[in-house]
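Each residue of the sequence shown is one higher than the last, beginning at 633 in the working numbering.
Quick reminder that beta carbons are idealized off the backbone N, C-alpha and C, glycines included.
Bear in mind the structure is a predicted one, so any value in this text is a computation, not a measurement.
Okay, structure first, notes after.
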Amino acid sequence: MNLRAYKPLIPMMAVYAILIAIALSVEGMWQPVAYFMFYIALGQAFNIFLGLTGYVDFGYVAFLGLGAYGMGIAIQNFSHLGVIAIPIGIVLAVMMSVLLSLAVGAVALRLRGAYFAIATIGVNEGFRYLVEGVRLWGGTEGMILSGFMRKTFGREMTNFFSTFLADVLVIIVAFSAAVATIAILNRKMGYALLALREDEDAAKVMGINVTKYKIMAFITSAGFAGLIGATAWTLKLTYIFPEDVFNIHYTVEAIVIVMLGGAGTLLGPMIGGLIYGLMKYYLSVTFPGIQLLILAPILIAIVVAFPDGLMGYIKKKTRNSPLSEYLR
């Protein structure tokens with residue numbers, strides 16, 4: 633293993649350590665930091681597909697939604713096993729998200745551009761209406777887990793799950809997605825994905841099985857989305873409603889975060905997620921009701937000023953310097 637290739641994880645761990653230190657030492661900062669980490673995790677997970685392939689999956693939130701339901705199903709059906717229901721929920725969340733990605737990827741990834749985007753939107757909306765229409769997993773009534781969890785696990789344990797464990801797991805998911813990204817980038821799969829992102833037809837001519845590698849990236853990204861849904865949604869909020877958990881605005885936010893920080897980079901989604909989370913949170917506190925009107929032009933200005941993302945700009949400025957090994 634080439635350990636030098638993993639040097640960019642050092643600044644990432646430093647940022648995470650600072651955020652955790654702030655959360656633990658400054659009163660009232662745990663939840664804001666957890667809020668920022670949600671967006672960092674979302675960006676890191678989505679970047680595995682969008683950043684490495686250039687394909688925009690507008691139905692990405694469907695994997696997050698299935699992950700949320702996977703954890704909910706585990707809590708409802710395996711709570712008699714005690715806290716073991718939580719790891720069962722994590723496994724179930726990943727399995728459900730991966731199975732959907734296999735089914736969708738086998739068909740949709742043969743499409744390109746707008747056709748792929750339209751197909752993925754259809755999958756997300758179709759799955760949502762399937763859940764509601766056939767009353768799957770509670771249908772429109774969703775899953776209300778708070779009372780069930782208090783009765784099963786006790787009030788203190790339920791509060792521990794929703795106020796601490798869920799947030800810690802989101803941090804672990806964000807870091808794991810970053811490790812997966814850098815592992816992919818330094819292997820044959822990474823080179824193949826970068827080749828198809830630049831010119832898919834040329835990659836095919838060179839003998840690269842682009843469909844295989846696209847599906848692999850799709851599945852990996854979907855699995856992390858399922859983990860985010862299980863932890864940041866079900867464990868954190870203790871309820872699931874299909875109109876909320878399948879809301880396409882989470883996909884739009886993921887796209888914004890990746891493009892803001894720098895698609896295809898390791899540190900870009902972390903920077904993009906942190907900046908987006910900070911602006912959204914503090915603008916909501918300072919300018920409630922009009923925060924999005926202020927946020928939108930700021931984001932547009934940043935994207936116009938840094939077309940390759942903030943990390944892309946930083947990489948250009950530090951090229952051939954000792955820092956370049958730590959910035960990717």
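DSSP places Phe681 in the uninterrupted alpha helix (DSSP H) bounded by 662-685. Contiguous alpha helix (DSSP H) elements confined to the region 824-861 occur at 832-837, 842-860, taking only those with 4 or more residues.
The beta-carbon separation of Thr852 and Ala812, rounded to 6 Å, stays under the 8 Å limit for a contact. Membership of His881 in the alpha helix (DSSP H) is indicated by the continuous run 881-893. Under DSSP, the beta-bridge partners assigned to Ile872 are Met775. Cβ-Cβ separation between Gly904 and Leu892: approximately 4 Å, consistent with a contact (criterion under 8 Å). If the five residues before and after Met775 are omitted, its C-beta is found closer than 6 Å to the C-beta atoms of Gly704, Ile872, all from its own chain and listed in chain order. In this structure Gly944 does not touch Leu696 by the C-beta definition: roughly 26 Å separates them, more than the 8 Å allowed. DSSP places Asn818 outside both helix and strand once states are collapsed to three, so it counts as coil.
In the structure shown, the three-state DSSP call for Gly691 is coil. DSSP places Gly896 in the coil class of the three-state scheme, outside both helix and strand.
If you ignore the 5 residues before and after Leu741, its C-beta comes within less than 8 Å of the C-beta of Tyr687, Phe748, Thr843, Lys846, Ile847, Phe850, all in its own chain and listed in chain order. In the structure shown, the three-state DSSP call for Thr863 is helix. The shortest C-alpha to C-alpha distance from Gly858 to any of Leu674, Ala655, Arg951 is the one to Leu674. For Pro640, the three-state secondary structure derived from DSSP is coil.
With a cut-off of 8 Å on Cβ pairs, the region 714-731 is not in contact with the region 873-884, counting fewer than three such pairs. Counting the other CB atoms within 10 Å of its CB gives Val805 a total of 16 or more, which places it among the buried residues. Cβ neighbours of Glu764 within its own chain (closer than 7 Å, five residues either side excluded): Gly771, Thr772, Pro874. Taking C-beta atoms under 8 Å as the contact rule, Met644 and Leu899 qualify, at a distance of about 6 Å. The beta carbon of Thr790 is closer than 8 Å to those of Ser778, Met781, Arg782, Thr870 in its chain, skipping five residues each way along the sequence. Within its own chain, the residues whose Cβ lies closer than 7 Å to the Cβ of Pro901, once the five positions on either side in sequence are excluded, are Ile672, Gly675, Gln676, Asn679, Ile889, Val890, Gly893, listed in chain order. Along the region 691-715, the beta strand (DSSP E) does not occur as any fully enclosed run of 3 or more residues.
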